[in-house]
Structures are given as structure tokens and as C-alpha cells.
Amino acid sequence: MINYLLMDFRRLFKTRGFYLTCLWALVLLGIMATASWFLADQLARNAGGLAAFSGDQIISEARKLFNVSRFASFFMSGTSFMHLFLAVFAAGFISREHQSGYFKNLLSIRGAREKWLVGKQLSMLGAGVVFYLVIILGSVLVTLLFGNQPVIDLAQLGAFFGLHLTADLALFALLCLATAFFQSRAAVMVVGMVFSFNMQALLYLLIDQINFLPFKLSEYGMMGLAGRLDIFSFGSTPPDMLSSMMGGGSLTGPATTPGELLPVSLGLWAVLTVLSLLTLRYRDYKG
Amino acid sequence: MSELISTDKLSKKYRGKYALKDADLHISQGDIYGLIGRNGAGKTTLLKLINSQIRPSEGRVLMKGRPLVYGSPGIALGALVESPGFYPDFSALDNLRFKCQAMGRDKKGYAQSLLEIVELADTGSKKARQFSLGMKQRLGIALALVDEPELLILDEPINGMDPQGIKDIRELLVKLNRERGVTILISSHILDELAKFATTYGIIKDGLLITEFSREELEVRNTSGIEITAPDAQAVAAALKEGLHLQDIRLSSPQRLVIRDRVEAPDQVSRFLFDQRIYVSQLYVRQHSLEDYFMGLTGGNEA
């Protein structure tokens, strides 16, 4: 298993797309930071906490509100492009072996199918960790550019991104299932994009509207829950004025608690992993 | 020699239709087993079943007498089934290193030595997607060799190769077989090429493995014949039976007959006919090829 995992990590760090994904994330982060620079005064006015200031002072004071946690949270909130980037990269990486036919070279390894599943999930988890570290690093940089002290609350950031990673883990399991079932890169890409961008939420809303289920499905939409995580509910850094203005961590609804997201993410991961295993074992490999 | 791979009533159905039915294959250790059949006959299906790419619908594969547990081959096995599988955005060396790593054979220089075996050592950082068809096939063979396999499964490995490439691969396979004792299961449409080095053959038609035979058996079964064309072939046959006591004479038409025995002595036959003043318009020794034999068995034109 270790050898298989090492192969996956070796390929991961030799894949140009991985670095491009991180680079794109930084570019987006830069764009959002620039927008934040110009929107700072508007947000501060709305927050109503800077009444004592006026003119340039307001803008200056508002920009001081942007710290590392605020930036990191900003980029992960709502319908996150960050999950989309990671999902698109993961879809390509996970499906590559099946699509290219390389997988058949590995079938002589005892338990190759199970090792493939574990290897892909763990290597993508590793990719996720690197990806979020890049986002934190980017947040530190833009905080510095804003002229603020880059205070890093490790417990807060760790808990926040750790929870996002559980959502990603379930997403990776879904991509593994899609790969095992469709064995087509394009199909896995579509699945990755639809689910990471939370497009399935529209379907959930429709199902909720017709009262088909005894519970509200949209309340369990994993990526929706992840997008509403409030970074200031973890760690020691208190919520800032912007957070109170937004009523939690997101503009899209009430903040999600870890107790809401974790069971959904881990439950989906477990179900999807078992389904992937069964599909890998009982579906013929077409390559 | 002991049996390395065998199959027991192995079958595979796709949407209710058999692609392979009740195949009983027997490959001994050290064999070069040539699997012959038309397009769609079931060759690739059989190879995929042995390589655990697909699950059998019925029957089983036995490796060294033990049933194959799907997904856990009991022997070191390398395969190149259908097209070679590689990461197109990586070099040949990277592709090999990935598999070496997964197999726990990541010794320094090992991947490079495999590239040298298949003569791809000078491809450097060139991406595999830029390789010619022949180079891709060679890379596929190198990937199949990573685990120092006891059994090498090759599906049409010489497709798209130039004559020199075909010769090189043939020599490589013979070398692997003789020096390292690698058993080879190979399918090919190029029957004349296969006939040059295969030691055992299996013919598959419409999903049925219709016969298996060794090279020696082929020579016996597929004996060449003395073919004679004459105005009255039946009279010639009667004279030969009476005068030379020949038994195996077949009339292929009223003007043509084939003598299966006494092939080694066509001069005796011609002298007899001359002495008996029997007129024939043609007399020659016809050498039958593996292709002729295959055509005779399957009744087709396309291998």
C-alpha cells in the first residue's frame, strides 16, 4: 500500500496541473483581495462601527479589519471557487489512470483496485492540504499588502480548513465512484464541477419544494454547508465587525456548525467509498 | 513441463451474448503460446480475463493450479492488452518509474535498464504522447516487464511496427523466454511472424477455443503435400496407390490431387509417373503455413 501511495504522491508532485491549480487559486485570491481593497469602506459603513471616522479615515480603518483569517474565510465562503479548482484538478488526477489505460498495468498488484481507491483519496487529501496552505500563504501576503499584521491563529485556520477538507474528502470519494463507474475523464470532470459548485443544490431545492422527502434535503447539501462555515466560530480570534455584519461566515445563509457538516461529510464519504469499492470490484475495466 | 495457466470452462457474456464460451486453455511453464483468431473472435476477452481486467461470467482461471482470486494474481504477471496504457504527459522514464514505485522495484537505474531493453533509452524527456505507434508499443512492453513477470501477456504487440521493430521484439521475446524462462501468451494477426517463435498455438473462433496444439503437432497435422495437376487426377491417384502403395491421397478437384505421405521423396513420385508414362501438367511440393492451417480450420480469409 505504501508503494502505491508513494507512486500517487510522486505523480501528484510531478503533475504540472497541480501547480497551475495553486497558481490560479492565488490569481483569484489576488483579484478578490483587490476588490476587497476598494469595497472596504462600503463594508465598513454598512457595519456601522466606524461612525467616528470620516473620509479617508474610514477607508483606512476598514482596511485594517482584513486579517489572515478574514481573507482565508472570504475565499472559502459561499459557492467557493476554491473547491471548484480542487475538484477539477482532482477529477483529472483521479480519472487519469482509468482514462489513459495505465490502470491495467497495475492490475497485477495484489489488491490493486482497493489500493487505487485508498491511494487516490489520500493523495488528493495531501493535495488539498497543500492547496489550503497556499491559500493561507496567499492570505498572509495580501494581509501584508493591506498593511496589517499577519496574525495567524493556527487553531482557527486548522479547524476551519480541516472541516473543509472533510467536505473535500467526500467529494474525492464521489469522484472515485464516478471514475469507477463511467471510466471517462469528461464524465468525472462534469460530476466534479457540478458538485463542487453546488449546482446540485437547485435539485435539492426542487425536491424540498415538492415535499418529496420527510426532511429538507437542502439542509444536508454538503458543499452548501461547507460554504457557510464561519471561521470565527473556531479558535481564539474573536469575530470582527465584518463578520457580525454578515451574520456569521457567509452571505448565503446562517453559519454552519462543525456538528452539522462533519456527520454529513463523513457519512457521504463512507457511503461513497463503499459504493466505489463495489463498483471497482464488479464493474469491468474497459481500458 | 508444469502448467502455469489454465482456464476451466471460462466464459464471458456481454448483454446476454457470449464473447467467450467454455474456453479450456492450457499454458505450460516456458511456453510461447500464440493465440490466433479473427477480429472479434474473443482473443482480447480471454487475455483480459487472465489479466483480471474483467470478471468471468462463468468458469475460472487457474494459476499454477490454484483458482485465480479476482484482483489478486497468484504469479508475477505483466500485460499489454489492447493499446498500451501510459500517462501521455510524462516521459517514458517517468511512466516506468511510476510503475516501478508501485511495484516496490524502485531501484536506481532499473527503469532505465528496462528502457534500454526496448530501445527507448534515448527518448529523454520526450512526452509519451509524441511517440510513434511502435514506440508506444515498446513502452507498453517495458511497462509489462517491470515486475520481472513469470507470465507475459501481449495482445497484438507488433501492431504498427516496422519490419526491423518486429524483428527486434521477436528477438526480445525469444530472449526473455530462453534466458529468463518467461512464459509468453501472445495474440497476433501476423501469423507468419507468430509461426517463427511460438511453441504452442490456440485457435479461437466465434468465442470458442477450438483447438490447441504444439509446434511439433502443427508440423505433423499440417504436413506439406505433393500437389499434382493432371487431366485425370483420379486415374493418377489409383496408379500411385497401386504402384507406390501410397495411402493418403486426396482429390481436391477432378484435375488436382494432393499426396500427404512420401512428401520427403517427390523424386520417387515423379520417376514413377515418368516410368508409367502418366502425363501430368504440374508436380510440386506445397509447403503449408500456419496461416493455411488457420484458414483450413476457420474457413475464412481474414486472420
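Those sequence lines, one after another, are chains A and B.
The first sequence lines up with residues -4 to 282 when you count with our numbering.
The second sequence lines up with residues 76 to 378 when you count with our numbering.
For each residue, glycine too, the CB sits at the ideal point set by N, CA and C.
Looking at the strands, I want to know which residues DSSP matches up with residue i.
| i | result |
| --- | --- |
| B/Ser103 | B/Glu78 |
| B/Gly209 | Per DSSP, none; premise fails for B/Gly209. |
| B/Thr304 | B/Arg331, B/Gln357 |
| A/Tyr199 | According to DSSP, A/Tyr199 bridges with nothing at all. |
| B/Tyr93 | B/Lys88 |
| B/Lys202 | B/Ser166 |
| A/Leu79 | BP columns for A/Leu79 are empty, so no partner. |
| A/Leu224 | A/Thr251 |
May I ask you to report which of helix, strand or coil DSSP gives residue i?
| i | result |
| --- | --- |
| B/Asp350 | helix |
| A/Tyr277 | helix |
| B/Lys174 | helix |
| B/Lys87 | strand |
| A/Leu117 | helix |
| A/Arg105 | coil |
| B/Arg180 | coil |
| B/Ile324 | strand |
| A/Thr251 | strand |
| A/Leu208 | coil |
| A/Lys110 | helix |
| B/Lys316 | helix |
| A/Thr10 | coil |
| B/Glu191 | helix |
| A/Pro145 | coil |
Taking Cβ-Cβ distances shorter than 8 Å, what residues in chain A pair up with residue i?
| i | result |
| --- | --- |
| B/Ser262 | Those within 8 Å of B/Ser262 in chain A number zero; the least Cβ separation is about 15 Å. |
| B/Val156 | Lys99 |
| B/Ala147 | According to the sequence displayed, residue 147 of chain B carries Ser and not Ala. Ordered by position in chain A, the residues that pass the 8 Å Cβ test against B/Ser147 are Arg105, Gly106. |
Interface residues of chain A around residue i at Cβ under 7 Å?
| i | result |
| --- | --- |
| B/Phe380 | An answer regarding residue 380 of chain B cannot be provided, because it is not within the stretch 76 to 378 covered by chain B. |
| B/Phe161 | Ser95, Tyr97 |
| B/Leu218 | Asn100 |
| B/Ala313 | In chain order: nothing, as chain A lies at least about 59 Å away. |
| B/Asp222 | Ser103 |
With burial defined as no fewer than 16 other Cβ atoms inside 10 Å of the residue's Cβ, what is the status of residue i: buried or exposed?
| i | result |
| --- | --- |
| A/Thr268 | buried |
| A/Arg6 | buried |
| B/Lys316 | exposed |
| B/His320 | exposed |
| B/Tyr354 | exposed |
| B/Tyr368 | buried |
| B/Asp106 | buried |
| B/Gly115 | exposed |
| B/Glu291 | exposed |
| B/Leu260 | buried |
| A/Gly123 | buried |
| B/Gly140 | exposed |
| B/Gln239 | exposed |
| A/Phe33 | exposed |
| A/Leu200 | exposed |
Which chain B residues are close to residue i, counting only those with a beta carbon under 9 Å from its beta carbon?
| i | result |
| --- | --- |
| A/Arg276 | Arg130, Tyr145, Gly146 |
| A/Asp203 | Going along chain B, no residue has its Cβ under 9 Å from A/Asp203, so there is no contact; the nearest lies around 38 Å. |
Interface residues of chain B around residue i at Cβ under 7 Å?
| i | result |
| --- | --- |
| A/Gly282 | Gly160 |
| A/Tyr328 | Residue 328 of chain A lies beyond the range of chain A shown here (-4 to 282); nothing can be said about it. |
| A/Arg91 | Tyr162 |
Applying a beta-carbon distance threshold of less than 9 Å, which residues of chain A neighbour residue i?
| i | result |
| --- | --- |
| B/Leu152 | Leu102, Ser103 |
Starting from the beta carbon of residue i, find every residue of chain B whose beta carbon is closer than 8 Å, and list them in chain order.
| i | result |
| --- | --- |
| A/Lys9 | Phe165, Asp169 |
| A/Arg180 | Chain B residues near A/Arg180: none, gap ~12 Å exceeds 8 Å. |
> Residue ranges of each alpha helix (DSSP H) run of no fewer than 4 residues wholly in the stretch 219 to 298 of chain B, ordered along the chain?
Replying inline: If one requires a minimum length of 4 residues, the alpha helix (DSSP H) runs lying completely within the stretch 219 to 298 of chain B are 238 to 255, 266 to 272, 290 to 296, in chain order.
> Which residue spans inside the stretch 95 to 170 of chain B form an unbroken alpha helix (DSSP H) run of at least 4?
Replying inline: With a minimum length of 4 residues, the unbroken runs of alpha helix (DSSP H) contained wholly in the stretch 95 to 170 of chain B fall at 118 to 125.
>> To be precise: take each residue of the stretch 126 to 141 of chain B, compare its Cβ to all Cβ atoms of chain D, and keep it if any distance is under 7 Å. Which residues remain?
In response: The structure shown contains no chain D; its protein chains are A and B.
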